[in-house]
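The opening position of the sequence shown corresponds to residue 1 in full-length UniProt numbering, with each subsequent residue numbered one higher.
Below: the structure, in structure tokens.
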Amino acid sequence: MYKEEIKLEIKKLRQELEDNEAEYEDIQDEIESLAYQIDCLESDKYRLENIGYDIENKIEELEKQLASKRFDELDNELTRDKFRDSFIKASYFCAIDEERETLNHVKIEEERLIATDGCRGIIVKCDEIPEGLKNTFVKWDIRQDFNENAKLKGWQTINLDEVIKNGKSNTVFKIEVDEFIESLYFQTIKSSSPLLDEAVILKAYGRKVAFNKRYVDEMLKVFEGKYLKVYWPKSSLNPLIVENGGQQVILLPIRIPELVEGEKDD
């Protein structure tokens, strides 16, 4: 009788084992199914994130275009009013979106106007700054009634003097404004997106550096009719600095991997 009980117990346990294995396989199948679903969801998540980034970039570029059109609609004609002309030149270098207040205003000092959007900057000397505008900030799109639009702010701003000082290279030459592009032009790179600005590659002393083409064009506007003193970038990742006539401009380059790799090979 004892043997029969053992046999029955073994049979019972084997059945439990079989049931357990069947349940295990069901759960394993469910896990694999869920893993596949998770992979699909992760793929969808990645796809939607990329779509979101693309949409955000398009919105940002469209906002830039809209702001740029706003700039073009302003009265930007230089009239030999020394302060107003200096302000208009500085305003080209401001950020033109509404969110970055410290960058969408021109900083007016005792004898200088300073502006930067974080990618480029300008310092303009001016000895005809109205007393009421000294040490104030005025938004980039103002063209008249400056005093009524001046702001007394304690904003912390980029130290453009220090940035320019540290960015200057030992490769210096002079060139006429009208000859700048003709002499230094190497290649234009068109974006695959109509919303993005073109890049222009400039070359001097065997060194190629890429810049936003619109930024270069606007830089040349503020130096119209003058000789330029050019501090050519130390590498494709260093800034271009141009000065003359009481004006200093700095342009940060666009990073293009092929140019960086080319420098490593030299």
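Think of the CB as a built atom: it goes at the ideal place given N, C-alpha and C, for glycine as much as any other residue.
Worksheet item: Could you check where the alpha helix (DSSP H) with E9 kicks off and where it finishes?
Response: Locating residue 9 in the sequence shown gives position 9, counting from the first residue. For E9, the enclosing alpha helix (DSSP H) begins and ends at Y2 to E73.
Worksheet item: Which partner residues does G154 have in the DSSP bridge list?
Response: As a working note, residue 154 is residue 154 in the sequence shown. According to DSSP, G154 bridges with nothing at all.
Worksheet item: If you count every other CB in all the chains shown that lies within 10 Å of the CB of K7, and 16 or more means buried, which is it?
Response: To locate residue 7, count along the sequence shown from 1; it is residue 7. By the Cβ-count criterion, K7 is exposed, with fewer than 16 other Cβ atoms from all chains shown falling within 10 Å of its own Cβ.
Discussion item. Determine whether the beta carbon atoms of F93 and I122 lie at a separation below 7 Å.
Written reply: Within the sequence shown, the letter at position 93 stands for residue 93. Within the sequence shown, the letter at position 122 stands for residue 122. Pairing F93 with I122 gives a Cβ-Cβ distance under 7 Å.
Worksheet item: Are the stretch 118 to 137 and the stretch 80 to 90 in contact at 8 Å, needing three or more beta carbon pairs?
Response: Contact between the stretch 118 to 137 and the stretch 80 to 90 is present, because at least three Cβ pairs lie under 8 Å.
Item to complete: In angstroms with no decimal places, state the Cα-to-Cα distance between Q156 and T102.
Response: Residue mapping note: residue 156 aligns to position 156 of the sequence shown, counting from 1. Residue mapping note: residue 102 aligns to position 102 of the sequence shown, counting from 1. If I take the Cα positions, the gap works out to 8 Å.
Worksheet item: Can you name the residues that DSSP bridges to Q247?
Response: Indexing the sequence shown from 1 puts residue 247 at position 247. Here Q247 is bridged, per DSSP, to V124 and N244.
Worksheet item: Would DSSP call F223 helix, strand or coil?
Response: Numbered from 1 along the sequence shown, position 223 holds the residue referred to as residue 223. Here F223 sits in coil by DSSP.
Worksheet item: Along the chain, where does the beta strand (DSSP E) that runs through R255 open and close?
Response: To locate residue 255, count along the sequence shown from 1; it is residue 255. Boundaries cannot be given for R255, as no beta strand (DSSP E) includes it and DSSP labels it neither H nor E.
Fill in: Counterpart residues of F137 in DSSP-defined beta bridges
What you label residue 137 is simply residue 137 of the sequence shown in a count that begins at 1. Secondary-structure assignment with DSSP links F137 through a beta bridge to K107 and K151.
Discussion item. Suppose the cutoff is 7 Å on Cβ atoms and the five residues either side in sequence are ignored; what does the same chain contact list for K139 look like?
Written reply: Looking up residue 139 in the sequence shown gives position 139. These residues qualify, in order along the chain: N104, H105 and N149.
Worksheet item: Between which two residues does the beta strand (DSSP E) carrying A199 extend?
Response: By one-based count along the sequence shown, residue 199 stands at place 199. Here the beta strand (DSSP E) through A199 covers A199 to A204.
Worksheet item: In whole angstroms, what is the alpha-carbon distance linking Y215 and L228?
Response: Looking up residue 215 in the sequence shown gives position 215. Looking up residue 228 in the sequence shown gives position 228. So the two alpha carbons sit approximately 16 Å from each other.
Worksheet entry | Nearest-angstrom Cβ-Cβ length linking F173 and V230, presumed shorter than 8 Å | Here residue 173 refers to the residue found at position 173 when the sequence shown is read from its first residue. Here residue 230 refers to the residue found at position 230 when the sequence shown is read from its first residue. Yes, they are in contact, since the Cβ atoms of F173 and V230 sit about 6 Å apart, within 8 Å.
Fill in: Coil, strand or helix - A90 by DSSP
To locate residue 90, count along the sequence shown from 1; it is residue 90. Of the three classes helix, strand and coil, the one that applies to A90 here is helix, per DSSP.
Worksheet entry | Straight-line Cα distance separating Q65 from S169 | Here the question's residue 169 lines up with position 169 in the sequence shown. Here the question's residue 65 lines up with position 65 in the sequence shown. So the alpha carbons of these two residues sit roughly 33 Å apart.
Discussion item. Using only CA atoms, which one of C119, F137 and I254 lies nearest to E110?
Written reply: Along the sequence shown, one-based indexing puts residue 110 at 110. Nearest of C119, F137 and I254 to E110, Cα basis: F137.
Item to complete: Could you name the residues of the same chain whose beta carbon sits closer than 6 Å to that of E73, not counting the 5 residues immediately before and after it, in chain order?
Response: Counted from its first residue, the sequence shown places residue 73 at position 73. Correct list: empty, nothing qualifies.
Discussion item. Measuring alpha carbon to alpha carbon, tell me which residue in E218, K3 and E77 is nearest V177.
Written reply: Counting from 1 along the sequence shown, the entry for residue 177 is found at position 177. Closest option to V177, judged by alpha-carbon separation, among E218, K3 and E77: E218.
Practice prompt. Compute the distance between the beta-carbons of P253 and V209, then report whether it is under 7 Å.
Written response: As a first step, residue 253 is located in the sequence shown; it is residue number 253 there, counting from the start. As a first step, residue 209 is located in the sequence shown; it is residue number 209 there, counting from the start. A contact, by the Cβ cut-off of 7 Å.
Fill in: Whole-Å CB distance - L251 paired with F223, under 8 Å assumed
By 1-based counting over the sequence shown, the position of residue 251 is 251. By 1-based counting over the sequence shown, the position of residue 223 is 223. The distance from the Cβ of L251 to that of F223 is about 12 Å, inconsistent with a contact at the 8 Å cut-off.
Worksheet item: With respect to the alpha helix (DSSP H) encompassing L237, which residues constitute its N-terminal and C-terminal limits?
Response: For the purposes of this step, residue 237 is taken as residue 237 along the sequence shown, with counting starting at 1. Premise fails: L237 is in no alpha helix (DSSP H) and is neither H nor E.
Discussion item. For K234 and V242, I'd like the C-alpha separation in whole angstroms.
Written reply: The residue you call residue 234 lines up with position 234 of the sequence shown. The residue you call residue 242 lines up with position 242 of the sequence shown. Between the C-alpha atoms of K234 and V242 there is a straight-line separation of about 14 Å.
Discussion item. Rounding to the nearest angstrom, what Cα-Cα distance links E182 and A90 in this structure?
Written reply: Stepping through the sequence shown from its first residue, residue 182 is reached at position 182. Stepping through the sequence shown from its first residue, residue 90 is reached at position 90. Rounded to whole angstroms, E182 to A90 spans 25 Å at the Cα level.
Worksheet item: Shortest alpha-carbon distance to I256 belongs to which of I189, R120 and S86?
Response: Stepping through the sequence shown from its first residue, residue 256 is reached at position 256. Selected option, being the one with the closest Cα: I189.
Discussion item. In this structure, how does DSSP classify I175 when only helix, strand and coil are distinguished?
Written reply: Along the sequence shown, read from residue 1 onward, the residue named residue 175 stands at position 175. DSSP, read as helix, strand or coil, puts I175 in strand.
Discussion item. Our contact map puts L184 next to K153 with C-beta atoms below 8 Å; I'd like the distance itself, whole angstroms only.
Written reply: Counting from 1 along the sequence shown, the entry for residue 184 is found at position 184. Counting from 1 along the sequence shown, the entry for residue 153 is found at position 153. Not really, about 38 Å apart at Cβ, beyond 8 Å.
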